[in-house]
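Residue numbers (my numbering): 10 to 92.
Note that beta-carbon positions come from the ideal geometry of N, C-alpha and C, so glycine has one too.
Take a look at the structure below.
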Amino acid sequence: MLHYIKKIISIEDYAISCVFNTGEIRVVNLKGIIEKYSKINDGLISRLSDPGYFKSVKLDSYGTLTWDNGVDFDPDNLYNMSE
10 MLHYIKKIIS IEDYAISCVF NTGEIRVVNL KGIIEKYSKI NDGLISRLSD
60 PGYFKSVKLD SYGTLTWDNG VDFDPDNLYN MSE
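Laid out in structure tokens, this is it:
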């Protein structure tokens, strides 16, 4: 089954609570990924280390998390890494 996000419920620190197409509410914690890219200052994902910018996340028409600088993540991977 391919997973996608139907709704963002809340954003806390670097964790986003989401409703997936399975009906489950799961938390996607991106802290580890953001810390990894912040160390190399990649200019894209590292931008998410700014808490205000991180909270500007939106849900796109493909059911994934996205930011206005073009960063997005595969929703199936988000599901697999979520709890």
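Item: Sufficient close CB pairs (3 or more, under 8 Å) joining the stretch 18-34 to the stretch 45-52; Value: no
Item: Bridge partners - Lys16, DSSP secondary structure assignment; Value: Val28
Item: Range of the contiguous beta strand (DSSP E) that encloses Ile34; Value: Ile34 to Asn38
Item: DSSP-derived helix/strand/coil call for Asp59; Value: coil
Item: Thr75 beta carbon less than 8 Å from that of Asp83; Value: no
Item: Whole-angstrom distance between Asp81 and Met10, CA atom to CA atom; Value: 20 Å
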